[in-house]
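Which chain is which? The protein sequence lines are W and R, in order. Just so you know, we're using my numbering here: the first sequence kicks off at 1 and counts up by one. Just so you know, we're using my numbering here: the second sequence kicks off at 1 and counts up by one. Before any comments, here is the structure.
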Amino acid sequence: MTQHLWERLLEAKSRLEPVQSKYRVLFEDPNAPDEPAKVLVPDPNWMACALEGGILPPIDTYQRDRLVPDGQPKEHPYAEPIGAMTEEEAIEYLIMKDIDPVVWRDYKGNRTILKIVPVELIPSDRSFRNAWKINQEADERIAA
Amino acid sequence: MSTLNVSNITDGTDTVGTSYVLNGSAKAWVNFNGTGTIATRDSFNVSSLTDNATGNYTVNLTSSMSAASYSIATGGDNYHTASYHVNAGSFTVFKYSAAHTNDDASYVFASIDGDLA
Chain W
1 MTQHLWERLL EAKSRLEPVQ SKYRVLFEDP NAPDEPAKVL VPDPNWMACA
51 LEGGILPPID TYQRDRLVPD GQPKEHPYAE PIGAMTEEEA IEYLIMKDID
101 PVVWRDYKGN RTILKIVPVE LIPSDRSFRN AWKINQEADE RIAA
Chain R
1 MSTLNVSNIT DGTDTVGTSY VLNGSAKAWV NFNGTGTIAT RDSFNVSSLT
51 DNATGNYTVN LTSSMSAASY SIATGGDNYH TASYHVNAGS FTVFKYSAAH
101 TNDDASYVFA SIDGDLA
């Protein structure tokens, strides 16, 4: 029987060095247009697991589990782990796991509401954090 | 990796059931810098953080909880911290200044206890 995902994570933390991703994911919620842009930050221990392989479950198990009511058995903890991903594949996996499908799957509007950017393009000055929006020009930057 | 299947753990004097050890362990925790370009210092069972706005961060779990009824302890270096918008796979941490407005914090901590999915 496949070991529980939590136990695999525990074992992985004891042997894998964390990996700081060079990417961030900017996104906006189309259902809340007045809210500022959000920034998804991959966890370094999670990224180490993704690059290692043999630890994380297939992404479709998380997607099916979104529909499972609280308290009911979920599929992802005991799913057979997948192999190693590249960092780019890991970011795509994370988008599908941790960002609502209304952003990356269902949105049909003309605004760009999701961008993968190098970390150095995220402003470190948060003075106008609540006014951040994804710049709609070709340049991959946030506009405040 | 080898697996020990035991129902109790003992040091020769005291004995405890392994279910107490597992159920009593934190199921996820994170320590991160919520200022500048936010960054995780260390964590367990966290897949990502979402920087939602000033003093407003979502912690996404790798191995979900069984339901949204788990316990969250949060802290940091601001005036006070709160957590809500909880579901089985994530929770949101809010940091506040002394004026009770959302405020970024250099140190943000969160730990959760409860039942895994």
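Backbone N, C-alpha and C define an ideal beta-carbon position, used for all residues, glycine too. All of these numbers come straight from a predicted model, not from anything done at the bench.
Of the residues SER19/R, ASP11/R, ALA39/R and THR54/R, the one whose Cα lies closest to the Cα of PHE94/R is THR54/R. Between ILE55/W and ARG8/W, the beta carbon gap of about 5 Å places them in contact (Cβ cut-off 8 Å).
Pairing TRP29/R with LYS108/W, the inter-Cα distance amounts to about 36 Å. Of the other Cβ atoms in all chains shown, 16 or more fall within 10 Å of the Cβ of PRO44/W; this residue is therefore buried.
Not a single CB atom of chain W sits nearer than 8 Å to the CB of ASP77/R.
For the pair TYR57/R and TYR79/R, the CB atoms are not nearer than the 8 Å cut-off. Of all residues in the segment 11-31 of chain W, those with a C-beta nearer than 7 Å to a C-beta of chain R are GLU11 and LYS13, reading in chain order. Under DSSP, HIS80/R shares a beta bridge with TYR96/R. If the five residues before and after SER90/R are omitted, its C-beta is found closer than 7 Å to the C-beta atoms of THR58, VAL59, ASN60 and LEU61, all from its own chain and listed in chain order. Classified as buried, GLY76/R has 16 or more neighbouring CB atoms from the shown chains inside 10 Å of its CB. In this structure, the CA atom of THR92/R is about 17 Å from the CA atom of LEU94/W.
If you compare the alpha carbons of ASN8/R, LEU4/R, GLY34/R and ALA67/R with that of ILE112/R, the shortest gap goes to ALA67/R.
For LEU51/W, there are no neighbours in chain R by C-beta distance under 8 Å, as the nearest C-beta there is about 14 Å away. Taking a cut-off of 8 Å for Cβ pairs, the segment 28-40 of chain W and the segment 124-135 of chain W touch, as three or more such pairs fall below it. The alpha-carbon separation between SER14/W and ASN110/W amounts to approximately 45 Å. CA-CA distance, TYR23/W to SER48/R, rounds to 12 Å. Residue environment for ARG126/W: buried (at least 16 other C-beta atoms within 10 angstroms of its C-beta). Look at ASP65/W here: in three-state DSSP terms it is helix.
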